[in-house]
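Numbers in the numbering used here are just positions in the sequence shown, counted from 1, shifted up by 528.
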Amino acid sequence: MSLEKVIFGFFVLLAATLNFGFFIGDLADPTLHNEYELFAAVVVSLIATVLKFGDRTQIGAVHLATSLVADLQLIAAALAWGYATQISSAGLDGSAMAAVVSLSGGALLANLVSVVLLVVETVSFQRR
529 MSLEKVIFGF FVLLAATLNF GFFIGDLADP TLHNEYELFA AVVVSLIATV LKFGDRTQIG
589 AVHLATSLVA DLQLIAAALA WGYATQISSA GLDGSAMAAV VSLSGGALLA NLVSVVLLVV
649 ETVSFQRR
């Protein structure tokens, strides 16, 4: 068993589960979506992206692309949250929260693609 593969898989799955935990719940209800969970999802997603930089294979390139998409979506969600709470006069209302959750939903889709790629890569691995 490769410790590098375990750590890689751990962060890929943790990024997806944290993102899912933030995403789940009523779209427009801010009380159901924790800002610290969004922050954790951003941080873990960025760590997972860094871990994907060393792979030079085609599937590694797609892994990296999915991580970059997830990072972009999660950072945009965090910026939308920050704008709503710190700058906007309307505050974190239903429409602002819907935008944040929708952006995290896009990141969730990218994370799910990454998890599927990880499973496919693991299943197709040939022992030598």
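Positions of the beta carbon are idealized from the N, C-alpha and C atoms, including for glycine.
Quick one: what's got a C-beta closer than 7 angstroms to residue i's C-beta in the same chain, skipping five residues either side?
i	result
Ile587	Leu645, Glu649
Gly622	Ala556
Gly537	Leu646
Glu563	Trp609
Is it buried or exposed, residue i, if we count other Cβ atoms within 10 angstroms and call 16 or more buried?
i	result
Gln601	buried
Ser632	buried
Lys533	exposed
Leu566	buried
I'd like the list of long-range same chain contacts for residue i, defined as Cβ closer than 8 angstroms, with 5 residues on each side in sequence excluded.
i	result
Val597	Gly634, Ala635, Ala638
Just to confirm my understanding: we take residue i, look at its own chain, exclude 5 residues before and 5 after, and list those with CB closer than 6 angstroms. What are they?
i	result
Ser573	Ala543, Ala598, Asp599, Leu602
Which residue's Cα is closest to the Cα of residue i: the options?
i	options	result
Val607	Leu592, Leu579, Ala624, Thr559	Reading off the sequence, residue 607 comes out as Leu, not Val. Comparing Cα-Cα distances from Leu607 to each of Leu592, Leu579, Ala624, Thr559, the minimum goes to Ala624.
Val643	Val629, Phe581, Thr594, Ala589	Thr594
Helix or strand or just coil, what does DSSP make of residue i?
i	result
Asn547	helix
Ser595	helix
### Query
Counting Cβ pairs, one atom from each stretch, are 3 or more of them under 8 angstroms apart for the region 546-555 and the region 608-619?
no
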